[in-house]
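Undergrad: Count the sequence shown with numbering that gives the first Met the number 0 and you get residues 0 to 662, in order.
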Amino acid sequence: MMNIRQLQKYPSLVFASITLAAYGLLLPFTGFYWDDWPFAFIAKFLGPAEFNPAFAPFRPFLGPIFYFTTSLIPPVPFYWQVFALVIRFIIGIAAWWMFKQIWPERPRVALIAAFFILIFPGYSQHWVAYTHINQELIPLIFYLLSFGFSFKGLRTQKNIYIIIALLLQLCGIFPTEYFFGIEGIRFLLLFAFFQGGLVERFIKTLRAWWPFLLVWILNAAWLIYYYKFGPYTSYEVTATQSLTVLSFLREALDALWKAGFYAWIQILPLTFTSLPAPASLLSLGLILLSFIFLVPYLKTSEQTTEDNQKTFAISLILIGIPAILLGRLPSLAAGLPLTLQSSYDRFMVSMIIGGSLFLLGMIELLFGNSRVKNYIFALVIALGIGQQFFNANIFRRDWENQRDIYWQMAWRIPALKPNTLLLTHQMPIDYETDISFTAPINWMYAPAEPSRADLPYLMLYTEKRLGGTTLPSFAPNIPITFPYRTRTFNGSTSQAVVFYIPQNGCLHVFDPSRGDMDVYSKLPDVLVDAIPLSDPSRIITNPETPAAPMFFPEPEHEWCYYFTKAGLAEQTDDYQTVVSLADEAISLGYKPTDPSEWFVFIKAYALTGNIRAAEKLSTAALAEDARIRKSLCTVWEQVHVDSLKGSENEIQQALLTFKCNPQ
0 MMNIRQLQKY PSLVFASITL AAYGLLLPFT GFYWDDWPFA FIAKFLGPAE FNPAFAPFRP
60 FLGPIFYFTT SLIPPVPFYW QVFALVIRFI IGIAAWWMFK QIWPERPRVA LIAAFFILIF
120 PGYSQHWVAY THINQELIPL IFYLLSFGFS FKGLRTQKNI YIIIALLLQL CGIFPTEYFF
180 GIEGIRFLLL FAFFQGGLVE RFIKTLRAWW PFLLVWILNA AWLIYYYKFG PYTSYEVTAT
240 QSLTVLSFLR EALDALWKAG FYAWIQILPL TFTSLPAPAS LLSLGLILLS FIFLVPYLKT
300 SEQTTEDNQK TFAISLILIG IPAILLGRLP SLAAGLPLTL QSSYDRFMVS MIIGGSLFLL
360 GMIELLFGNS RVKNYIFALV IALGIGQQFF NANIFRRDWE NQRDIYWQMA WRIPALKPNT
420 LLLTHQMPID YETDISFTAP INWMYAPAEP SRADLPYLML YTEKRLGGTT LPSFAPNIPI
480 TFPYRTRTFN GSTSQAVVFY IPQNGCLHVF DPSRGDMDVY SKLPDVLVDA IPLSDPSRII
540 TNPETPAAPM FFPEPEHEWC YYFTKAGLAE QTDDYQTVVS LADEAISLGY KPTDPSEWFV
600 FIKAYALTGN IRAAEKLSTA ALAEDARIRK SLCTVWEQVH VDSLKGSENE IQQALLTFKC
660 NPQ
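1. Would the segment 525-540 and the segment 376-386 be scored as touching if the rule is three or more Cβ pairs under 8 Å?
2. If you follow the beta strand (DSSP E) that Phe346 is in, where does it begin and where does it stop?
3. Apart from the five residues on each side of it in sequence, which residues of its chain come closer than 6 Å, Cβ to Cβ, to Tyr234?
4. Tell me whether Asp515 is buried or exposed, calling it buried when 16 or more other Cβ atoms sit within 10 Å of its Cβ.
5. Using only alpha-carbon positions, find the residue among Leu358, Ala603, Val198, Ser355 that is nearest to Gln570.
6. Whose C-beta lies closer than 6 Å to the C-beta of Ala612 among residues of the same chain, with five residues either side of it excluded?
7. Can we say the segment 400-413 touches the segment 505-522, given the rule of at least three CB pairs closer than 8 Å?
8. On the three-state DSSP scale, how would you describe Thr492?
9. Compare the C-alpha of Asp669 against each of Arg396, Asp572, Val13 and name the closest.
10. Taking buried to mean at least 16 other C-beta atoms within 10 Å of its own C-beta, is Leu189 buried or exposed?
11. Under a three-way DSSP split, which group does Phe60 fall into?
12. Just to confirm my understanding: we take Glu176, look at its own chain, exclude 5 residues before and 5 after, and list those with CB closer than 7 Å. What are they?
13. What residue from Ile479, Leu274, Pro106, Gly121 has the CA that sits closest to Leu339's CA?
14. Among Ala653, Cys632, Pro210, Leu285, which residue has its Cα nearest to the Cα of Ser520?
15. Output the boundary residues of the beta strand (DSSP E) element that contains Phe481.
16. What is the DSSP secondary structure of Tyr234, counted as helix, strand or coil?
17. Name the two residues that bound the continuous beta strand (DSSP E) containing Tyr226.
18. Could you give the residue range of the alpha helix (DSSP H) that holds Leu153?
19. What separation, rounded to the nearest whole angstrom, lies between the Cα atoms of Thr26 and Tyr405?
20. Taking its Cβ as the centre, do 16 or more other Cβ atoms sit within 10 Å of Arg87, making it buried, or is it exposed?
21. In chain order, what residues of the same chain have a beta carbon less than 6 Å from the beta carbon of Phe60, not counting five sequence neighbours either side?
22. Suppose you measure from the CA of Ser642 to the CA of Leu606; what does that come to, to the nearest Å?
23. Does DSSP classify Ile538 as helix, strand or coil?
24. By the DSSP assignment, the beta strand (DSSP E) with Met458 in it spans what residues?
25. Mind checking which residues open and close the beta strand (DSSP E) that includes Thr419?
26. Between the alpha carbons of Tyr560 and Glu596, how many angstroms are there, rounded?
27. Whose C-beta lies closer than 7 Å to the C-beta of Gln575 among residues of the same chain, with five residues either side of it excluded?
28. Using the DSSP secondary-structure output, state which residues sit across from His507 in a beta bridge.
29. For Arg411, which three-state DSSP category applies?
30. So the candidates are Phe436, Gln386, Leu136, Phe57; which of them puts its Cα closest to the Cα of Ile286?
31. Can you pull the DSSP bridge partners for Ser642?
32. Using a Cβ-Cβ cut-off of 7 Å (strictly less than) and excluding sequence neighbours within five positions of Phe40, which residues of its own chain qualify?
33. With a threshold of 16 other CB atoms inside 10 Å of the CB of Tyr9, please say whether the residue is buried or exposed.
34. Nearest to Asn609 by CA position, among Ala620, Asp593, Val577, Ser586, is which residue?
35. Is the beta carbon of Ala258 sitting closer than 8 Å to the one on Met361?
36. With 16 as the cutoff for other CB atoms within 10 Å, does Asp344 come out buried or exposed?
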């Protein structure tokens with residue numbers, strides 16, 4: 000068995016081990032997220048070639064990257080997560096090779112810097128693999144290699160390497176604006192590379208950098224055209240007009256703090272504040288095991304103390320600070336926030352180099368003792384591994400939540416009429432938007448219609464869209480047209496199904512004819528006001544082929560299964576089936592976390608003559624949450640109107656019992 004000392008001969012195995020520990024342990028339990036779904040939908044139904052026109056209005060040079068990768072890999076989550084693991088490993092190796100070209104006399108520094116880039120903990124979006132492999136990580140590899148070849152060309156004086164570096168720069172900078180700023184890092188590295196006085200070094204740097212500067216200027220001209228005059232329609236750019244000197248300084252300090260300091264240790268407050276949660280304990284355990292492994296490995300890789308250590312450390316810091324700011328520049332210019340542990344930390348990808356060099360320089364400067372530095376380096380890398388494992392668990396839970404959502408939709412909505420608009424307030428999930436959900440919904444409900452020019456279904460969040468161009472108001476018969484890459488949804492507000500999934504509850508489809516505006520009046524106004532638009536008749540209750548979620552086996556039938564099936568039965572006034580579902584769920588010990596979910600069963604028991612069972616459930620629901628009394632009374636008033644003859648007196652008594660003020 001290979002020991003730690005032998006591993007020194009095979010650093011690639013160490014890169015692979017770190018990659019696997021940080022990103023691979025929960026890989027089988029992760030899936031598609033955010034823009035992964037629309038991209039996977041395109042690949043599945045329209046083919047890889049469709050990415051070229053799909054990206055024409057957004058980032059046209061990304062189209063070929065998506066075309067290439069999606070031609071090789073089918074739109075299956077597991078395959079893309081494995082591919083993401085391979086890409087991460089390549090990033091680590093590419094960074095190591097790059098730093099060895101820059102500092103061939105400092106192999107230990109090159110190795111540590113590459114490890115820092117490999118596990119950079121400020122970037123949590125690794126598991127949004129379909130999107131970020133193509134959109135950011137592959138261009139990042141191109142840029143790392145471009146840096147490396149430019150220094151290889153300088154050292155060997157072979158122009159072929161400079162040409163390769165320029166071609167790689169083109170492949171790294173044009174596909175996405177994320178990396179627009181990091182070309183300035185090449186200038187900083189070149190300036191540190193050359194010897195002599197400041198003026199002499201500056202002239203030498205310009206002589207070496209000018210071809211890359213021309214490409215940078217060309218890219219800047221392209222971005223200005225595309226943002227201002229071209230067809231770019233991705234982000235709403237709130238350019239720097241509102242960016243004052245004070246706000247710029249604040250954003251700059253925020254970026255330095257997060258990329259240079261806090262991101263590296265954020266796993267500690269994240270875990271300590273959530274102990275003894277299993278994910279926190281496992282993350283801390285992985286940090287400890289990684290530290291135990293890394294300390295002896297880094298010890299075997301120790302070099303003799305390099306000359307001018309402090310000067311070199313200061314140069315790293317002076318490169319790292321502007322490198323972080325240059326990385327922040329594109330997202331700042333677009334008016335986008337830099338928020339850790341959210342989808343916005345994807346902008347950290349352009350600060351990976353700067354943040355890693357800055358921290359490396361700080362450690363080199365502050366700790367002169369080689370053994371102490373060894374422990375610090377091992378701890379930083381171990382914390383990064385633990386952070387990425389912690390992130391993986393967040394995405395694992397998100398994938399489980401997606402499974403529950405899609406299956407609840409399949410149980411409650413077996414099929415949908417085409418051109419249906421799905422409206423909801425907000426899904427109880429972090430990494431998917433209404434536009435993200437639109438793709439799997441079309442995948443589920445229209446799997447046999449890949450060639451349609453129009454998109455059959457669209458989901459919109461009322462919280463986000465009301466009052467905008469997509470959803471101007473809740474007035475009936477308003478046309479809804481929404482371009483979805485190369486397809487378009489065409490419907491109207493009178494072709495809608497309004498539903499809701501609370502944070503700890505089950506999916507409910509609203510029916511205005513059953514008084515749902517009164518029953519659910521305590522929900523957010525932007526949802527309640529949409530209820531009159533809901534038309535459950537657009538749900539096909541007994542299709543030949545019911546919808547089934549992709550990639551998810553059907554989960555065990557627990558409370559939400561019985562609740563959603565009861566809602567489907569109620570839609571056809573099949574209250575006997577609702578009662579049967581209630582009896583089965585109760586006998587199995589299931590009950591809701593949201594007591595309002597008893598309402599459909601209360602109504603069914605009462606309308607089938609079992610007033611006592613309805614009263615018993617009503618009492619239990621009120622005991623859980625007295626605030627539902629008004630809604631419960633509305634249910635009983637509906638029962639009073641719809642009830643069978645002969646039960647009026649019992650229902651009147653129930654209304655009195657629950658203080659519903661019967662007429």
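Note that CB positions come from ideal geometry on N, CA and C, so glycine has one too. Please read all numbers here as calculations on a predicted model, not as lab measurements.
TA: A quick look at the data gives this:
1. By the Cβ test, the segment 525-540 is not in contact with the segment 376-386, since fewer than three Cβ pairs between them sit closer than 8 Å.
2. Residue 346 sits at position 347 when you count from the first residue of the sequence shown. Taken as a continuous stretch (DSSP letters only), Phe346 belongs to no beta strand (DSSP E), as it is neither H nor E.
3. Walking along the sequence shown from the start, residue 234 turns up at place 235. With a pLDDT of only 45 at Tyr234, under the threshold of 50, the placement of this residue in the model should not be trusted; the figure read from the coordinates follows. Once the five neighbours on either side are set aside, the close Cβ partners of Tyr234 are Ala333.
4. The count along the sequence shown starts at 1 and reaches residue 515 at position 516. So Asp515 counts as buried.
5. By one-based count along the sequence shown, residue 570 stands at place 571. Measuring from the Cα of Gln570, the nearest candidate turns out to be Ala603.
6. Against the sequence shown, residue 612 aligns to sequence position 613. Here the set comprises Tyr604.
7. Under the 8 Å Cβ criterion, the segment 400-413 counts as touching the segment 505-522, having at least three qualifying pairs.
8. Taking the first residue of the sequence shown as position 1, residue 492 is located at position 493. Residue state, collapsed to three classes: coil.
9. Past the boundaries of the shown model lies residue 669; the chain is included only from 0 to 662, so the question cannot be answered.
10. Translated into positions along the sequence shown, residue 189 becomes position 190. Burial of Leu189 is indicated by the presence of at least 16 other C-beta atoms within 10 angstroms of its C-beta.
11. The residue labelled residue 60 in the question sits at position 61 within the sequence shown. When secondary structure is reduced to three states using DSSP, Phe60 falls in the helix class.
12. The residue labelled residue 176 in the question sits at position 177 within the sequence shown. Only residues of its own chain outside the window of five on either side were considered, and among them Leu222, Pro329 have a CB closer than 7 Å to the CB of Glu176, listed in chain order.
13. Counting from one through the sequence shown, the residue named residue 339 turns up at place 340. Nearest of Ile479, Leu274, Pro106, Gly121 to Leu339, Cα basis: Gly121.
14. As a first step, residue 520 is located in the sequence shown; it is residue number 521 there, counting from the start. Nearest option by C-alpha distance: Cys632.
15. To locate residue 481, count along the sequence shown from 1; it is residue 482. Per DSSP, Phe481 belongs to the beta strand (DSSP E) from 478-483.
16. Numbered from its first residue, the sequence shown carries residue 234 at position 235. The pLDDT assigned to Tyr234 is 45, lower than 50, so where the model puts this residue is not dependable; a value taken from the coordinates is nonetheless given after this. It is coil, neither helix nor strand.
17. Translated into positions along the sequence shown, residue 226 becomes position 227. Tyr226 -> no beta strand (DSSP E), and no H or E assigned at all.
18. Here residue 153 is taken as the residue at index 154 of the sequence shown, counted from 1. From DSSP, the alpha helix (DSSP H) with Leu153 extends over 137-155.
19. Position 27 of the sequence shown holds residue 26. Position 406 of the sequence shown holds residue 405. The residue you asked about is not Thr; residue 26 is Leu in the sequence shown. Roughly 21 Å separates the two Cα atoms.
20. On the sequence shown, position 88 is the one that residue 87 refers to. Arg87 should be labelled buried.
21. Residue 60 sits at position 61 when you count from the first residue of the sequence shown. So the qualifying residues of the chain are Phe173, Pro174.
22. Translated into the one-based positions of the sequence shown, residue 642 becomes position 643. Translated into the one-based positions of the sequence shown, residue 606 becomes position 607. Approximately 5 Å between the Cα atoms of the pair.
23. In the sequence shown, residue 538 corresponds to position 539, counting from 1. Three-state result, Ile538: strand.
24. Position 459 of the sequence shown, counting from 1, holds the residue named residue 458. Element bounds for Met458: 456-460.
25. As a position in the sequence shown, residue 419 is number 420, starting the count at 1. From DSSP, the beta strand (DSSP E) with Thr419 extends over 419-423.
26. Position 561 of the sequence shown, counted from the first residue, corresponds to residue 560. Position 597 of the sequence shown, counted from the first residue, corresponds to residue 596. The alpha-carbon atoms of Tyr560 and Glu596 are separated by roughly 12 Å.
27. Counting from 1 along the sequence shown, the entry for residue 575 is found at position 576. Excluding sequence neighbours, Gln575 sits near Thr607.
28. Numbered from 1 along the sequence shown, position 508 holds the residue referred to as residue 507. In the DSSP secondary-structure assignment, His507 is bridged to Tyr499.
29. Within the sequence shown, the letter at position 412 stands for residue 411. For Arg411, the three-state secondary structure derived from DSSP is helix.
30. Numbered from 1 along the sequence shown, position 287 holds the residue referred to as residue 286. Of Phe436, Gln386, Leu136, Phe57, the residue nearest in Cα terms is Gln386.
31. As a position in the sequence shown, residue 642 is number 643, starting the count at 1. BP columns for Ser642 are empty, so no partner.
32. Reading the sequence shown from its first residue, position 41 is the one you call residue 40. Once the five neighbours on either side are set aside, the close Cβ partners of Phe40 are Ala438, Asn441, Trp442.
33. Within the sequence shown, numbered from 1, the residue matching residue 9 stands at position 10. The residue in question, Tyr9, is exposed, as its Cβ has fewer than 16 Cβ neighbours within 10 Å.
34. Here residue 609 corresponds to residue number 610 of the sequence shown, with the count starting at 1. If we check each option's Cα against that of Asn609, Val577 comes out closest.
35. Taking the sequence shown and counting its residues from 1, one reaches residue 258 at position 259. Taking the sequence shown and counting its residues from 1, one reaches residue 361 at position 362. No, the pair does not count as a contact, with Cβ atoms beyond the cut-off.
36. Within the sequence shown, residue 344 is the residue found at index 345, counting from 1. The residue in question, Asp344, is buried, as its Cβ has 16 or more Cβ neighbours within 10 Å.
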